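To get the numbering used here, take the position in the sequence shown, counting from 1, and add 73. Ideal Cβ placement from N, Cα and C applies to all residues, glycine included. Owing to the predicted nature of the structure, the values given are computational and were not obtained by experimental measurement. Below you'll find the structure, written out as structure tokens, and then a few comments.
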Amino acid sequence: MLIANILGIFVFFYLYWKRLKEDYSSERIFNAGFIIIIGACLGLIVAKYNFPSFWLWIIILSFLISEGIIVIKLKLKFFESLDALVISILPWLSFFYLTDSVVNTSLASFLIFWVSLTCIFMFFLFDHFYRTFTWYKSGRVGFSGLATLGIFFLIKILFPSLFVEKIISGTIAFISFLLLFNLSRQDG
74 MLIANILGIF
84 VFFYLYWKRL
94 KEDYSSERIF
104 NAGFIIIIGA
114 CLGLIVAKYN
124 FPSFWLWIII
134 LSFLISEGII
144 VIKLKLKFFE
154 SLDALVISIL
164 PWLSFFYLTD
174 SVVNTSLASF
184 LIFWVSLTCI
194 FMFFLFDHFY
204 RTFTWYKSGR
214 VGFSGLATLG
224 IFFLIKILFP
234 SLFVEKIISG
244 TIAFISFLLL
254 FNLSRQDG
């Protein structure tokens, strides 16, 4: 697990920097990345000792809190930063689920690993083609991240889990698609 997390963190930093390097200085990007990593570590500590079965949701909440801090303190644009966050976290999540599937021989983890890899592919596909969609008139950045996030959590509903987790997944998917709808109606 340690090797998967270290590799995931390096891939996270690289993709986060690569996605934001044209609009922001490297210092701001890596400061934002460290805020996200610190938030994820704090979320993991809270989850491990208090709510181990809800570890994913607590870490996602820590990502959202970190995203809020980044937008407010470092003045990064929300949708640009969210796009970078989504594509940066998916490989890390893939490494984690692959490792978990091998260590614990978990079929669910192996399937979520493949879902994460598929979402990475979809992100880059959306990122390449979203400006050609006729219904997405605004052409604004954020489509790829929101669409991928919504699809990931929509698929996550299908996996065996607690009813509360299905509600949270559905809520995140709904909010992602609602934000995507609002983003498509804004002027570019």
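- For D96, there is no enclosing alpha helix (DSSP H), as DSSP marks it with neither H nor E.
- Residue burial annotation: C192 is buried, with at least 16 other C-beta atoms found within 10 angstroms of its C-beta.
- The alpha-carbon of I79 is positioned some 33 Å away from that of R213.
- In the structure shown, T178 adopts coil according to DSSP, grouped into three states.
- When rounded, the separation of the alpha-carbon atoms in L180 and F186 is 10 Å.
- Of all alpha-carbon atoms in F236, R258, E153, L227, the one lying nearest the alpha-carbon of F247 is that of L227.
- For G106, same chain residues with a beta-carbon under 6 Å away, outside a window of 5 residues either side, are F86, Y89 in chain order.
- Put simply, of F127, V175, F254 the residue whose alpha carbon is nearest the alpha carbon of K239 is F127.
- In this structure, the beta-carbon distance from S174 to F168 does not fall below 8 Å.
- By the criterion of at least three beta-carbon pairs nearer than 8 Å, the segment 216-227 is in contact with the segment 195-206.
- Judged by DSSP secondary structure, G218 falls within the alpha helix (DSSP H) whose first and last residues are 216-229.
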